[in-house]
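Working notes, structure below.
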Amino acid sequence: MIVIPREICRDLPRALAREWIVTNGIGGYASSTITGANTRRYHGLLIAALAPPAARVVLLSKIDEEVQIGGLTYRLGTNQYENGTIHPDGYLYLERVELDGMLPTFFYQAPNFALTKTIWMEHGANTTHIHYQLARESAPIQLTLLPLCTHKNFHSELRGAAEWRFAVAAHGGELEINAFEGATPYRLLFPPRVQFVPLDLWYWRFLHAREKERGYDAVEDLFLPGLLRVNLRGGETLTITATTDARGLGNSVARSRARARTRQKLLARRAEDDVEKQLRVAADQFVIHRAHEKENRARILAGYPWFDERTRETLIALEGLLIVTRRYAEAKEILRACAREIENGLLPNRIRADGARDFDAADVTLWFFHALDRYHAATRDDALVRELFPQLESVIEWHVNGTRNNIHVDQRDGLLFAGEINALWYRALRVMERWAKRLKRAPEKYAQMADRAQIAFERFWFAEGGYLCDVIDAPKGDDTALRPNQLFALSLANDLVPRARGESILQIVTTELLTPLGLRTLAPRDPNYRARYHGSADERDAASHHGAVWAWLIGAYVDAYQNVFGEKPARDLFAPFHAAMQAYALGTLGEIFEPAPPFASVGGMAYAAS
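Counted the way the numbering used here counts, the sequence shown spans residues 190 to 799.
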């Protein structure tokens, strides 16, 4: 369990840096900061995947709470406004936050009462539960809830208008909310004892500070349909449910909460320690299904909050999310589905909602060989390798003869004209050689191609620097920038680089690229190095490959270290990652970090490959 103590909860800058996220297995989620102030346009209590996992729409943005007791009112919500105002300042009553797996509970404390709030989602449904419990020793209170509503694509900001009123129908413990004609309706459900007081008000000019930092429109308005008011005595509970489901929820809230906890226990049952337990539970947030499709197979969402499916991230993350966790059937579904998408020897990195395919990444298809090999190593599923072998043979042939984006083998040396991915090319050839032998096919041609590529790989060695060039034979000559891509030459194979050179590479990479939270994408001494990840989208995109730290590269570093030295690096290498799971997105790992102390999280809050 992760616990965020009072001294952090009541320190606004540190509290705003800490986000939580719960997911529903179809691409929807709920997320905010621990204060309740939304700092991203992507935050909200119900972000529904209306056409899973795409078409994600923010519906219920937040609920602010007010407690009336002894003639006093305690406002527990927190909001930031465009003019700099913080109102209310409910974070000052936040005693602590506990994260059990991925389920957050918020503990509020004030004179004469203590109130907890727990949030979870129904797996497979666009349904969020917000559960309140008044401590037994508390005096009776009146709890007033302010559900602040919206209806927007999660990439956008909503602006209200004085003449615009959401259509709100209240009846029998339910509010049905329609933002506009043709919008997907959603409902707020609550016990009959809760009083609804209609208001129909706009709250104006909320600030999303993280969006402002990213150079985007960062202001939105939210609609308050009315107040929900109830009296609570010590020990009593209240659950508010936000859902797009038009049907009754059927099972009780208590059963729903028990199911959520049971699922987490099952996911974590093979963990050896608390950190592994947390990672196993966090891994599940990226595994999704498109329930509305006939082929309701497993998929991997590249991350949160703004990512969709990306083939590269799927294949890189497959081992950690599904193979290490022994979810072999789902891994097999994904590998089969990827094989069906191969076209002219390439996998698309992305298939858009309109069916358009993006073949914009040369390495994606070669990661497929690695992912299938890791699956086979764990399962010995020869049948799947035999089934997919014809597609794999075709991929090699297309790469040899040439395919999209000028991807082809240089007939002079057997290397690909895509310099930084030749370690993946070599691994694919060695894997094909091994599988051909196992399937009693002809392995010789793959062995010959691999041998040739292995000899030619010598040309990547940059003797003056003691490491590998990033690219050779480029129009402007060899690129000797010190980058982490060279780790793949050590992590994906143990015979591609001589040991002495491997030791040299690791020494330099450790000194110049390794940080507590992953590896820099460029050495600080390089004139193109960017010490900060900030500015416009173009500036941030450039920084992401010219200095920014990618957490997922720590895996390549560890494998390279083990291949070169015959042992894993010390376990304290991973301690900063555990700390990051308590300092940024709680219980999970982000995408990108700043390349200099304090190595702040600056990309997506949760990233599948990390």
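No residue lacks a Cβ here, since even glycine has one placed at the ideal position from N, Cα and C.
Neighbourhood of Ala-551 by C-beta distance below 8 Å, restricted to the same chain and skipping five residues each side: Beyond the five residues adjoining it in sequence on each side, Ala-551 comes within less than 8 Å, by CB distance, of Asn-594, Ile-596, Leu-605, Ala-607, Ile-610 in the same chain, given in chain order.
Indicate whether Ile-781 and Ser-733 have their beta-carbon atoms separated by less than 8 Å. yes
Counting C-beta neighbours from all protein chains within 10 Å, is the total for Thr-451 16 or more, i.e. buried, or is it exposed? exposed
Could you say if the stretch 215-230 and the stretch 301-320 meet the contact criterion of at least three C-beta pairs nearer than 8 Å? yes
In terms of alpha-carbon separation, which member of Glu-756, Lys-401, Val-246, Tyr-263 lies closest to Asn-272? Among Glu-756, Lys-401, Val-246, Tyr-263, the Cα nearest to that of Asn-272 is on Lys-401.
Just the Cα atoms here: how many angstroms apart are Ser-221 and Ala-204? 11 Å
Would you decide whether Asn-538 is buried or exposed? Buried here means 16 or more other CB atoms lie within 10 Å of its CB. buried
Quick check: the Cα distance between Thr-262 and Glu-756, rounded to an integer number of angstroms? 60 Å
Please return the same chain residues whose Cβ sits closer than 6 Å to the Cβ of Glu-519, not counting the five positions on each side in sequence. Closer than 6 Å at Cβ, skipping near neighbours: Ala-487, Leu-511.
Whole-number beta carbon distance between Ser-790 and Gly-776, since they are thought to touch under 8 Å: Contact flag wrong, Cβ pair sits at about 13 Å.
If contacts are defined as beta-carbon pairs under 8 Å, then Trp-614 and Ala-642 qualify, I think. What distance do you get, rounded to the angstrom? 6 Å
Can you name, in chain order, every residue of its own chain whose Cβ lies under 6 Å from the Cβ of Val-620, other than the five neighbours on each side? Phe-558, Asp-562
Excluding five sequence neighbours on each side, which residues of the same chain lie with their C-beta closer than 8 Å to the C-beta of Ser-583? Ile-531, Gly-534
Taking C-beta to C-beta, are Trp-391 and Asp-406 nearer than 8 Å? no
Where Gly-744 sits in the DSSP three-state scheme: helix
Answer yes if the stretch 684-704 comes into contact with the stretch 737-751, meaning at least three C-beta pairs across the two stretches below 8 Å, and no otherwise. Look at the beta carbons and you see the stretch 737-751 touching the stretch 684-704: at least three pairs across the two are nearer than 8 Å.
Could you give the distance in angstroms between the alpha-carbon of Pro-722 and the alpha-carbon of Glu-783? In the sequence as presented, Pro is not what sits at residue 722; that position holds Tyr. Whole-angstrom Cα-Cα distance: 6 Å.
Since Leu-762 contacts Val-738 with CB under 8 Å, what's their CB separation in whole angstroms? At roughly 14 Å, the Cβ-Cβ gap does not stay under 8 Å, so Leu-762 and Val-738 are not in contact.
In the DSSP assignment, find the unbroken beta strand (DSSP E) run with Val-584 in it and report its ends. From DSSP, Val-584 is part of no beta strand (DSSP E) but of the alpha helix (DSSP H) over 571-590.
How is Lys-466 classed by DSSP in three states: helix, strand or coil? helix
Would you tell me roughly how many angstroms separate the C-alpha atoms of Glu-728 and Leu-323, rounded to the nearest one? Their Cα atoms are separated by approximately 48 Å.
Could you spell out the range, first to last residue, of the alpha helix (DSSP H) harbouring Thr-554? 553-568
Please identify the residue among Thr-294, Val-246, Glu-254 whose C-alpha is closest to the C-alpha of Ile-223. Thr-294
C-beta atoms of Tyr-231 and Leu-265 nearer than 8 Å: no
Below 8 Å, how does it come out for the stretch 489-496 and the stretch 451-471: are there three or more Cβ pairs, yes or no? Contact fails: fewer than three Cβ-Cβ distances are below 8 Å.
Is Gln-600 helix, strand or coil by DSSP? coil
Sort out for me which residues DSSP pairs Arg-709 with in a bridge. Val-738
Bridge partners - His-478, DSSP secondary structure assignment: Listed as beta-bridge partners of His-478 by DSSP are Ala-487.
Gly-415 to Leu-388 span [Cα, whole Å]: If I take the Cα positions, the gap works out to 4 Å.
Secondary structure of Lys-665, DSSP reduced to three states: coil
Report buried or exposed for Asp-253, applying the criterion of at least 16 other Cβ atoms within 10 angstroms of its Cβ. Burial call: buried.
Tell me the residue span of the alpha helix (DSSP H) that contains Asn-611. 611-627
So what does DSSP say about Thr-804, is it helix, strand or coil? Not covered by the structure: residue 804. The range shown for the chain is 190 to 799.
Glu-363 to Asp-434 span [Cα, whole Å]: 12 Å
Using only CA atoms, which one of Arg-422, Asn-485, Arg-195, Leu-292 lies nearest to Arg-325? Arg-422
Taking Ala-431 as part of the alpha helix (DSSP H), name the residues at either end of that continuous run. Unbroken run through Ala-431 is the beta strand (DSSP E), 426-432; no alpha helix (DSSP H).
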